[in-house]
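A quick write-up on the structure given underneath.
Residue numbers (the working numbering), protein chains in the order written: chain A, 247 to 560; chain B, 5 to 384.
Rendered as structure tokens:
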């Protein structure tokens with residue numbers, strides 16, 4: 247089956263800075279593909295090259311089996327884009343904005359009206375049809391932005407950090423909407439630096455750093471790539487050096503750290519790691535408070551591969 | 005597709021309060037202020053009023069009295085408003101500034117007392133009297149030497165006097181020099197529309213606006229979108245400038261010296277140029293919206309300054325030192341088109357101005373379209 251998106255060996259330089267360094271990926275029809283990476287990792291540059299908005303130095307980009315060019319109108323009519331920045335006209339109402347952008351793709355008036363009505367219902371803006379963008383909250387504005395991008399029912403939808411600065415209610419609405427769009431047949435490319443969203447939504451994920459793809463796969467595949475399988479965090483007031491050494495000697499434990507308040511133990515494989523740890527603390531009469539056991543996250547994957555956290559702000 | 009783009013660009017622009025203010029209401033406000041400022045200046049300094057003068061009868065056969073009476077009878081423009089009074093009465097009138105001078109009407113040697121600070125009026129009375137004395141002296145000489153030539157000489161003197169007193173107007177236009185400020189005001193209003201022209205191009209370029217990025221991604225010809233935007237802007241702001249012009253002419257009663265239809269005709273090319281200029285400036289470079297706005301303001305006010313918006317004599321100064329600027333300054337071309345119709349009617353001068361404005365507009369639009377045609381950028 248021909249992939250919907252195929253990028254090979256893509257290189258993009260901004261003067262001395264290499265934004266994309268021989269980057270490649272393939273996205274198949276029906277996927278929700280996540281591009282995950284910290285700010286400046288090259289996610290948006292990838293999207294802009296993909297859309298032929300940006301010139302690139304090297305590489306090939308194919309969409310729907312055809313080479314993507316700035317004047318590939320036949321490809322463009324099948325693409326919907328939700329930009330990071332809200333891109334609407336301030337002097338047009340919600341309906342007018344959606345109708346305008348939908349009209350750039352759909353010329354049949356009756357069909358356009360039907361699509362616009364559906365888009366308004368889809369993002370839940372029925373009560374705000376006659377509102378101007380300035381009267382909308384940040385979340386509603388994002389929903390309008392989405393409606394403008396998807397009203398023409400594209401086969402490939404690209405969402406570039408659509409939930410930045412969005413309230414939780416709108417965020418959930420947006421994420422549910424993306425799943426519904428995918429259910430209706432659209433292939434989705436979703437870029438974000440929020441790993442929780444990517445984990446929740448995406449069927450496959452590409453982790454990017456410094457313009458390179460550092461790992462690609464399903465979230466399970468990605469997590470299997472790293473040593474860590476479980477992290478146990480325990481609130482403890484006083485743990486001696488010798489106790490820390492003994493904890494490190496527990497089966498499958500490969501890293502133990504203590505900052506005076508919290509004890510952190512990382513395990514690689516094995517079962518019953520938590521029970522064994524608690525038994526050790528009890529036997530040695532070490533007083534402890536709350537205990538957390540976490541499975542590895544994409545942040546752990548990123549941390550282990552790059553040596554740094556995915557998000558500075560956690 | 006064209007009608008779709010036209011409809012929404014039209015709605016976007018007509019609801020844009022800022023641009024409507026600058027394009028329509030600002031010229032009305034400035035016109036009102038100009039009117040207040042110049043109306044009184046013109047009436048006090050430029051409109052010629054009869055000069056009040058007291059004539060003291062020095063003798064029964066004084067020639068001044070006869071001359072003034074004959075001037076009034078001839079129906080020509082009245083230079084002096086004379087009051088024939090006694091000396092005491094004349095001095096009193098002069099003291100109370102009721103008159104600007106006293107003429108002692110003596111056939112042999114008429115004399116003059118003028119009011120201190122009488123300004124131009126006092127000078128005119130003096131010139132009048134000097135001319136009278138010269139003519140009287142000539143007549144006296146001829147009477148002595150060859151009296152038969154006297155009728156011919158007097159006829160000649162009369163003709164010269166009438167030419168001096170009557171201003172001839174070859175075009176039936178408005179000769180008020182302050183009218184050019186209103187010509188420049190409309191020229192500036194036309195160039196202010198450039199702000200909207202700039203919005204059209206910014207809204208179609210991915211490297212300048214988010215909306216531009218969305219537009220670039222659409223499978224629609226950019227030229228169609230841009231031309232639809234230019235026409236929508238033209239319709240709105242041509243109407244706006246027409247309203248502003250109507251306000252100046254019919255509400256403020258400013259006499260442009262040309263018909264309202266002729267004003268609308270010139271506005272047509274002015275607005276077209278304004279939009280073209282903005283469209284072109286909006287298309288070039290990666291400058292921010294604010295930088296481009298500043299460039300356009302500088303263009304609008306700079307060309308307005310050079311065409312005499314702030315200093316009326318500026319075009320004359322430029323004509324003397326660097327005339328090429330007057331030939332290509334769009335603001336000057338617009339204001340000069342008003343002036344050309346007012347002074348010379350529909351002729352070569354107007355045609356040249358209109359042709360230059362049209363060519364510049366077309367060139368700017370074509371260049372702008374070629375630049376914004378691009379859909380791929382080095383950076384966003």
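Just so you know, even glycine gets a beta-carbon here, dropped at the ideal spot from N, CA and C.
By the Cβ neighbour-count rule, residue 33 of chain B is exposed, with fewer than 16 other Cβ atoms within 10 Å of its own. For residue 382 of chain A and residue 376 of chain A, the gap between their C-alpha atoms comes out near 11 Å. In the structure shown, the three-state DSSP call for residue 313 of chain A is strand.
Between the region 416-427 of chain A and the region 445-464 of chain A there are three or more inter-stretch CB-CB distances shorter than 8 Å, so the stretches are counted as touching.
For residue 321 of chain B, the secondary structure class from DSSP, reduced to helix, strand or coil, is helix. When the alpha-carbon of residue 70 of chain B is set against those of B:262, B:110 and B:100, the nearest one is in B:110. When rounded, the separation of the alpha-carbon atoms in residue 330 of chain B and residue 375 of chain B is 29 Å. When DSSP states are grouped into helix, strand and coil, residue 452 of chain A belongs to the strand group. The beta carbons of residue 248 of chain A and residue 349 of chain A sit about 30 Å from each other, so the pair does not count as a contact at 8 Å. Bridge pairing for residue 462 of chain A: A:452 [DSSP]. When DSSP states are grouped into helix, strand and coil, residue 374 of chain A belongs to the helix group.
Beta bridge pairing from DSSP links residue 84 of chain B with B:55. Linking residue 188 of chain B to residue 407 of chain A through their CA atoms gives a straight-line distance of about 50 Å. For residue 8 of chain B, the enclosing alpha helix (DSSP H) has its first and last residue at 6-18. The region 296-310 of chain A makes no contact with the region 390-400 of chain A; the number of CB pairs closer than 8 Å stays below 3. Here the alpha carbon of residue 186 of chain B sits roughly 52 Å from the alpha carbon of residue 325 of chain A. Among the residues of chain A, none has a CB under 7 Å from the CB of residue 226 of chain B; the nearest is roughly 10 Å distant. When the five nearest sequence neighbours on each side are left out, the beta carbons in the same chain lying within less than 8 Å of the beta carbon of residue 361 of chain A are those of 348, 352, 397, 398 and 399, in order along the chain. Taking residue 420 of chain A as reference, the option from A:451, A:402, A:387 and A:433 with the minimal CA-CA separation is A:387.
Contact of residue 332 of chain A with chain B by beta-carbon distance below 8 Å involves 214. The three-state secondary structure of residue 103 of chain B, taken from DSSP, is coil.
Within the model, the alpha-carbon separation for residue 184 of chain B versus residue 261 of chain B is close to 10 Å.
Apart from sequence neighbours up to five positions away, the residues of its chain that approach residue 128 of chain B with a beta-carbon distance below 7 Å are 55, ordered along the chain. Positions of the alpha helix (DSSP H) runs, each at least 4 residues long and wholly inside the region 245-310 of chain B, are given as 264-287 and 293-310 in order along the chain. In this structure, the alpha-carbon of residue 471 of chain A lies about 21 Å from that of residue 277 of chain A. Out of B:147, B:362 and B:336, the CA that lies nearest to the CA of residue 313 of chain B is found in B:336. Distance from the CA atom of residue 366 of chain A to the CA atom of residue 367 of chain B, rounded to whole angstroms, is 42 Å. When only Cα atoms are considered, residue 59 of chain B and residue 97 of chain B end up about 11 Å apart. Apart from the 5 residues on each side of it in sequence, residue 377 of chain B sits with its Cβ closer than 8 Å to the Cβ of 226 and 227 in its chain, given in chain order. Residues of the region 297-331 of chain A with a C-beta less than 8 Å from any C-beta of chain B: 297, 298, 299, 300, 301, 316, 317, 319, 320, 322, 323, 325, 327, 329 and 331, listed in chain order. Under the 8 Å Cβ criterion, the region 452-460 of chain A counts as touching the region 283-295 of chain A, having at least three qualifying pairs.
The way I'd put it, the region 499-518 of chain A does touch the region 472-481 of chain A; three or more beta-carbon pairs between them come closer than 8 Å. As a beta-bridge residue in DSSP terms, residue 325 of chain A pairs with A:402.
Nearest Cα to residue 372 of chain A within the set A:378, A:363, A:380 and A:379: A:363.
Residue 351 of chain B and residue 343 of chain B have their alpha carbons spaced roughly 12 Å apart.
Exclusion of the five residues before and after residue 275 of chain A leaves 250 and 433 as the residues of its chain whose Cβ lies within less than 6 Å of its Cβ.
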